[in-house]
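Q: There's a structure below that I have some questions on.
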Amino acid sequence: MKQVFLETFGCQMNVADTDRMEFILFHSGYRRTWEKEDADLILVNTCSIREKAEQKTFSLFGGLKPLKAINPNLILGLTGCMGQQDGEKMLKRMPFLDFVLGPDQVEGIGKAVNRARESEKSFVWTGFDSKKIYSIPEIPGDLPQKPGPSAFVNIIKGCDKFCTFCIVPFTRGREKSREPDELYQEIRHLIKHGAKEIILLGQNVNSYGKRGLTNPIPFHELLYKIEEIPGLQRLRFTTSHPNDFTRETIRAYRDIDVLVNHLHLPIQSGNNEVLKSMRRDHTVEEYLELIDELKSEVPGVSLTTDIIVGFPGETDAQFQDTMKIMERIGCSSSFMFSYSPRPGTPANEFKDSVPEETKRQRLQEIIQLQNRMTEEQGKTYQGKTVEVLIEGKSARPGYSLKGRNPQYWRVNAKDSEGRYQPGDMVQVRIEQTSGHGLSGIIQ
Ligand code: SAH
Ligand code: SF4
Ligand code: F3S
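Using my numbering, the first residue of the sequence shown is number 72, and each one after it goes up by one.
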C-alpha cells in the first residue's frame, strides 16, 4: 500500500480540499500517513493570504528536500493558492518539486501523481476551469475515514469582491455555487456516516446562488431546505460578507432551530475611510445596523469578526476607531491580523505604508482588548448549563472530552462515568472559564 503525507496551510476551504485529495488518492490505493519519512507522496496544500503563511511553507519544504535524496522515488507536490499565484516561480525556487497544482485542479490530483511518476520533468498545472458549473461529484465506495461529528461542506467557491488587500479572488477565481441537490445529497451522506453538525463553507457564503445554478436559489432558502434534512442537529456557515448578508438570513436565524446562534462577520476596520480604501463597500454604520437587528431578533447570538490593523495610510485615530467599534460589537473572539502586502493586489501599490513597529503595537493593543472581552464574556457562562456537541478527547487534565457550544466556545467536559463519546450532544454545567475555553461537568 502506498502512503501519502498531507500538510495544510490556510483556511477551511484548503482543509476541505486536502480532505478531498485524500479521498481521491484513497481510491487509487494511497493511505494517509502522519510520518513524512514513510511517505511515497507528500502534498503541501498552501496559502498565500499573508507573507507569514508563505514563509512557513518555504521552511517546511526546506525540511522536505533532504527526503528526496534519501528516497528518489518520493513524489513531492505543492498544491493550493501559492501554486495558482506563482506556479513557475515555485518550480524555479524549489526545483526538487515534482509538480505544482492550483486549487481548481484538486479533482485531478490522481492524474497529476501518475504523470509525475511517469515523467522526470516537473510541471505546473494551474488555471481556472472554464466550466460554468461547480460540482464535487460523489465517489462511490468507502470513505478513507468516517466524518467527524462536525463536517464541512463547500457550497460556493471563488470570490468576486476584490477587496484591495486580498489575494483570494486571484487564487480562487470567480464565484460559482454548487447545485442544491448535490449539497443535500452530500449532507445526507455525511449524516448517515455520523456527522451531527454541518458547516457550510465559502469565501462569501451569502453570495450563494448568484452564479452557476440552473435554478438559482438565494442563500437563506438553501438554509431552510437544509434544515429539513433528517438527523441534522446543528448548522453553521462561514464566511459571511456584510454586503450580501440579507434581512432574510437574519429571519432564518430566528426561524431555524438547528442554525446556531453564532455569526462570523468580518468588519476589517472601524473607520469608513479605511473601509473605502479596502473596497469593502459598506460603512461602519451599515455594519452596526445589521448586527443590531440580528441581536434583537436572535437573543444571545454571539459574534466573531476579522480585523486588519496597519492597512496603508491607517492613522492612529483611525486605528482607535477600530478599537471603539470592537468594544461596541463585543465579539466573543476575533481573528486579528497585521496588514501584509500581497503582490498583484491594488493595496500593494498604495503609499503611506504603516511602519512594522506601529503595526505590531496596534496588533498587540487590539489583541489585548479582545482577550479582555473574551474573558468577561466567558465569565457570564459560569454556573450556567450549555449544550455541547462532543467532538473528541480533551487535553485538559481532569476533563476527558471536548466540544463546542452553539456560540462556538470551546468546552472541556468532565464525564466521570465514561458514558459519552464524540457525536453525543450533552448538557455541561460550566464550573471554570479561562481565555477562550469553558470547562464543566456533564449533567
Ligand atoms: N472571505 C472572507 C475572508 C477571507 S481571508 C471575508 O471576506 O471575510 C480571511 C481574513 O484574512 C480576512 O478577513 C482578512 O481579515 C485577512 N486578510 C486577508 N488578506 C490580508 C492581508 N493582505 N493582510 C492581512 N490580513 C489579510
Ligand atoms: Fe478576500 Fe474580500 Fe473576497 Fe473575503 S470578500 S475573500 S477578504 S476579496
Ligand atoms: Fe489562504 Fe487560499 Fe484560503 S490564500 S486563506 S488558502 S483561499
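Yeah, the Cβ is synthetic: ideal placement off N, Cα and C, and Gly gets one too.
Return helix, strand or coil for residue 225, following the three-state DSSP convention.
A: strand
Q: Taking DSSP's pairing of strands, which residues face residue 339 in a bridge?
A: 378
Q: Near residue 284, what residues of its chain come up, given a Cβ to Cβ distance below 7 Å and the 5 sequence neighbours on each side ignored?
A: Correct list, in chain order: 248, 250.
Q: The beta strand (DSSP E) with residue 101 in it runs from where to where?
A: 101-103
Q: Please specify which runs of the alpha helix (DSSP H), each continuous and at least 4 residues long, are wholly inside the region 234-296, giving them in chain order.
A: 239-243, 251-263
Q: What's the C-alpha gap between residue 30 and residue 225?
A: As displayed, the chain neither begins before 72 nor continues past 514, which places residue 30 out of reach and without an answer.
Q: Residues around the ligand SF4, please: the ones whose beta-carbon is closer than 6 Å to some heavy atom of it, in chain order.
A: 230, 232, 233, 234, 237, 239, 240, 274, 275, 312
Q: Under three-state DSSP, which class holds residue 51?
A: Outside the modelled stretch of the chain, which goes from 72 to 514, sits residue 51, for which no answer is possible.
Q: I'd like the list of long-range same chain contacts for residue 411, defined as Cβ closer than 6 Å, with 5 residues on each side in sequence excluded.
A: 121, 122
Q: Nearest-angstrom Cα distance between residue 489 and residue 513?
A: Rounded to the nearest whole angstrom, the CA to CA distance from residue 489 to residue 513 is 10 Å.
Q: With three or more C-beta pairs closer than 8 Å as the rule, is the region 430-437 touching the region 371-383?
A: Taking 8 Å as the limit for Cβ pairs, the verdict is that the region 430-437 does touch the region 371-383.
Q: Check this for me: beta carbons of residue 108 and residue 146, under 9 Å apart or not?
A: no
Q: Just reading off the beta strand (DSSP E) that residue 475 is part of, what are its end residues?
A: 472-475
Q: Suppose contacts are defined by Cβ-Cβ distances below 9 Å. Is residue 400 in contact with residue 374 by that definition?
A: yes
Q: Return the residue from the list 368, 454, 423 that minimises the CA-CA distance to residue 498.
A: 454
Q: With DSSP as the reference, label residue 445 as helix, strand or coil.
A: helix
Q: Among 278, 233, 216, 272, which residue has its Cα nearest to the Cα of residue 264?
A: 216
Q: Report the rounded CA-to-CA distance for residue 189 versus residue 118, giving the unit in angstroms.
A: 28 Å
Q: Is residue 355 closer than 9 Å to residue 396 when the C-beta atoms are compared?
A: Contact: yes.
Q: Run through DSSP, which three-state label would residue 463 get?
A: strand
Q: Cβ of residue 413 within 8 Å of any heavy atom in the ligand MG?
A: By its list of ligands, the structure shown excludes the ligand MG, since it contains just the ligand SAH, the ligand SF4 and the ligand F3S.
Q: Could you work out which residue in 116, 448, 326, 133 is closest to residue 180 when comparing CA atoms only?
A: Of 116, 448, 326, 133, the residue nearest in Cα terms is 116.
Q: Rounded C-beta distance between residue 262 and residue 300? I'm assuming under 8 Å.
A: 7 Å
Q: On the three-state DSSP scale, how would you describe residue 512?
A: strand
Q: Any heavy atom of the ligand SAH within a distance shorter than 8 Å of the CB on residue 248?
A: no
Q: Return yes when at least one heavy atom of the ligand SAH lies under 8 Å from the C-beta of residue 310, else no.
A: yes
Q: DSSP three-state call for residue 205: helix, strand or coil?
A: strand
Q: Which same chain residues end up closer than 6 Å to residue 111 when comparing Cβ atoms and leaving out the 5 residues on each side of it in sequence?
A: 73, 74
Q: With distances taken Cα to Cα, identify the nearest neighbour of residue 360 among 391, 174, 325, 318.
A: Proximity to residue 360 across 391, 174, 325, 318 peaks at 318, based on C-alpha coordinates.
Q: Could I get the ranges of all uninterrupted alpha helix (DSSP H) runs contained in the region 131-185, with 4 residues as the minimum, in chain order?
A: 152-164
Q: For the ligand F3S, I want to know if residue 80 counts as a neighbour, meaning its beta carbon is within less than 8 Å of at least one of the ligand's heavy atoms.
A: Checking the 8 Å criterion, the Cβ of residue 80 is within range of a heavy atom belonging to the ligand F3S.
Q: By Cβ distance below 8 Å, which residues in the same chain neighbour residue 83 in space, the five residues on each side in sequence not counted?
A: 223, 270, 272, 309
Q: With respect to the alpha helix (DSSP H) encompassing residue 93, which residues constitute its N-terminal and C-terminal limits?
A: 83-97
Q: Could you give the first and the last residue of the continuous beta strand (DSSP E) run that contains residue 351?
A: Here residue 351 belongs to no beta strand (DSSP E), and DSSP marks it neither H nor E.
Q: Within the chosen definition, does the region 335-348 reach the region 385-394 through at least 3 CB pairs nearer than 8 Å?
A: Segments in contact, yes.
Q: Check whether the Cβ of residue 117 lies closer than 8 Å to any heavy atom of the ligand F3S, and answer yes or no.
A: Indeed, a heavy atom of the ligand F3S lies less than 8 Å from the Cβ.
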